[in-house]
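Position one of the sequence shown corresponds to residue 0 (numbering that gives the first Met the number 0), numbered consecutively onward.
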Amino acid sequence: MPTTQVVWFKRDLRLHDHAVLSTAAARGPVLALYVIEPELWNQPSASMRHWQVIQAALFDLERAIEQHGGSLCVRLGNMVEVLVELQQTLDHFTLLAHEEIGEDWSFTRDRAVAAWCAGAGISFSELPQFGVFRGQHDRDGWATRWRQFMTQPQNDTPQSINWTNHPSTANWQNWQPNPSRHSIADFNLPNASAVLKAFLQSRGEQYHLRMSSPLSAPEACSRLSVQLASGRLSMRTVVQETWRTQREVKTWPAAQRATWPRALAAFQSRLHWHCHFIQKFESEPELEHSNMARSCDGLRENDFDEAKFLAWCTGQTGYPFIDACMRFLLANGWINFRMRAMLVSFAAYDLWLHWQRPAHHLAQLFVDFEPGIHYPQVQMQSGTTGINTLRIYNPIKQSMDQDPEGEFIRRWVPECAGFDQLRIHAPWEATAMEQLAAGCQIGEHYPEPIVDHMSAARFAKAQFAGVRRSAAGQADRQAVMQRHGSRKTGS
């Protein structure tokens, strides 16, 4: 009797270009398995909006498998306990999954699964999903390996799969994480392929020009991050479709081509960047918990101000553009990259908050939370990598650059809507008469600035200058560059 191939779906909720499914289908009968693990949803980075993404993706995956003649088994519980139950039912099986570059919890879970499989005589194999490579602890040759992976043919959905069915946990569709924090009202997860097609055929034409402002970014950006984070699309599919569009654009008349070549080049570099950062996290998973440059240890940890943190979390800092971005993120679960970097910069330098709790707060809010990008990026924007230039964003300059008319602020900080396009960026500078005319008295209707940006920036620069000049800082710079520094393209 053929051995059942259990395909363990994690953050790879699709059928197309699913190497694990293709491998399993070629070997024998396939059981499609997803396990809702309550412990995962108790992690400090998890939130209800993440479950909303996964739940919607599971519904789509369930329908897709049914269209191919099978059924998705969704179980609730500890993964090892689910495997014990399967062994009692199936007797013997093979377990296959994609490698998951996740937080410490998922890595510990995977090791527990591997240990159980070894003890039970169950074959457990994992295949790479991104251009990220286990066991590579420096950047030498990474770019070449990435391109080789991305140029491999995509795995078409097998046309004939011998499915094995197993009952799901009753009413799994109604399960909710506890604590149930940060849900999104009227949540909708659009079709992944349609989002990709729309971006490459129309929306992406001015991607490089319009991705920085929160006014234009929701339309100009690809909006594929949530699809990639949940695995509804493979990175290889997106990369190859982008390459194909880049080739097609070269044949278009000049007038029709317009800004497409530069837009697609900028987007393609972001796809490469996506795996570059996940590779950092794979190489050094301690980045979830520890400063990349250990010379930064103790710099902020003992000065955490709860009141400032709460004001930042809720969009009540007294800086309208900062608060507008946080409130937009709270409501929508997404904001563009520059604004994410600005929010982290404000927490790290203006408020002098250690990065870990702000990182968890933002992780909870991002529907596209990708640990391998999130933690290295938060550290980079907080100055604790030891190699990157400090990026201290001036919130007033960003406001004037990215929202010159104050349109975004008026929408998300209505308390300040009555100010003109000059005062709205720094309403505390308005005279008493101007505040009266605007219907917003600073300190009563809207907070005074929680800190003075220029003073906070000078303090932060001085603190980091001392660390980076130290012997420990210099040693960190060399060590971090060796582990994580970019190499020349093609190396």
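Glycine included, each C-beta is placed from N, C-alpha and C at the ideal position.
Neighbour-count burial assignment, residue i, 16 or more Cβ in a 10 Å radius
i	result
Asn177	exposed
Asp451	exposed
Asn331	exposed
Val112	buried
Thr313	exposed
Asn301	exposed
Leu435	exposed
Met149	buried
Met0	exposed
Lys9	buried
Asp103	exposed
Ser159	exposed
Gly68	exposed
Val81	buried
Asp419	exposed
His91	exposed
Glu287	buried
Gly371	buried
Val83	exposed
Arg222	buried
Asp137	exposed
Residues bridged to residue i (per DSSP)
i	result
Thr3	Phe92
Leu126	His97
Val34	Arg74
Val83	DSSP lists no partner for Val83.
Val29	Gln4 and Trp162
Contacts around residue i, its chain only, beta-carbon distance under 7 angstroms, and the 5 residues preceding and following it disregarded
i	result
Tyr348	Ile391, Ala455, Ala456 and Ala459
Val19	Val6, Leu95, Ala96, His97 and Leu126
Gly489	Here Gly489 scores only 44 on pLDDT, less than 50, and its place in the model should not be relied on; the value that follows carries that caveat. The residues are Ala142 and Thr143.
Asn154	Asp16, His17, Ala18 and Ser21
Trp411	Ala323, Arg326 and Phe327
Gln51	Ser182, Ile183 and Phe186
His373	Ala358 and Ala362
Ile334	Pro213, Cys324, Phe327 and Leu328
Glu447	Gly317, Trp427 and Ile441
Phe368	Ser44, His49, Ala228 and Ala362
Gln397	Phe320 and Met341
Pairwise C-alpha distance: residue j and residue i
i	j	result
Ser44	Pro284	15 angstroms
His181	Asn290	27 angstroms
Met480	His353	23 angstroms
Trp171	Val466	51 angstroms
Gly442	Met432	15 angstroms
Gly140	Ser344	32 angstroms
Glu500	Ala292	Outside the shown range of the chain (0 to 490) lies residue 500, about which nothing can therefore be said.
Leu214	Phe407	6 angstroms
Cys415	Trp427	10 angstroms
Gln355	Leu361	10 angstroms
Met399	Leu85	59 angstroms
Leu232	Val194	10 angstroms
Asp402	Ile321	12 angstroms
Arg48	Val225	11 angstroms
Gly438	Thr156	60 angstroms
Arg339	Pro252	37 angstroms
Phe303	Trp351	7 angstroms
Gln365	Gly118	The sequence shown places Phe at residue 365, not Gln. Each residue's Cα considered, the two are about 38 angstroms apart.
Phe463	Ser294	10 angstroms
Gly130	Phe280	13 angstroms
His444	Ser179	30 angstroms
Ser192	Val248	20 angstroms
Gln147	Asp109	27 angstroms
Met59	Ala461	The residue asked about is misnamed: residue 59 is Asp in this sequence, not Met. In a straight line, the C-alpha of Asp59 is about 52 angstroms away from that of Ala461.
Asp475	Ile121	43 angstroms
Ser278	Phe132	Looking at the sequence shown, residue 278 is not Ser but Gln. So the two alpha carbons sit approximately 7 angstroms from each other.
Ser201	Asn190	16 angstroms
Cut-off 8 angstroms between Cβ atoms - residues of its own chain near residue i, not counting five sequence neighbours on either side
i	result
Gln72	For clarity, residue 72 is Cys in the given sequence; the question names Gln instead. The answer, listed in chain order, is Leu30, Ala31, Leu32, Tyr33, Asn164, His165, Pro166 and Ser167.
Gln267	Val238, Thr241, Trp242 and Gln245
Leu270	Met234, Val237, Val238 and Thr241
Gln42	Glu102 and Trp104
Thr383	Asn290, Met291, Ala292, Cys295, Leu298 and Trp354
Cβ-based neighbour list, residue i, same chain, cut-off 6 angstroms, excluding 5 preceding and 5 following
i	result
Arg26	Gln4
Gln363	Ser46 and His181
Gly203	Ala262
Ser124	Leu95
Gln135	none
Ile395	His424 and Ala425
Ala559	The structure shown has nothing for residue 559, since the chain only spans 0 to 490.
Item to check | Entirely enclosed alpha helix (DSSP H) segments - the stretch 408 to 487, minimum 4 residues | outcome: 431 to 437, 452 to 468 and 470 to 483
Next on the checklist: What ranges does the beta strand (DSSP E) occupy inside the stretch 262 to 311, keeping only unbroken runs of at least 3 residues that lie completely in it?
Outcome noted: none
Item to check | alpha helix (DSSP H) runs wholly inside the stretch 348 to 372, at least 4 long, in chain order | outcome: 355 to 364
Checklist entry - Which ranges does the alpha helix (DSSP H) cover as unbroken runs of at least 4 residues, wholly within the stretch 175 to 200, from first to last along the chain? => result 191 to 200
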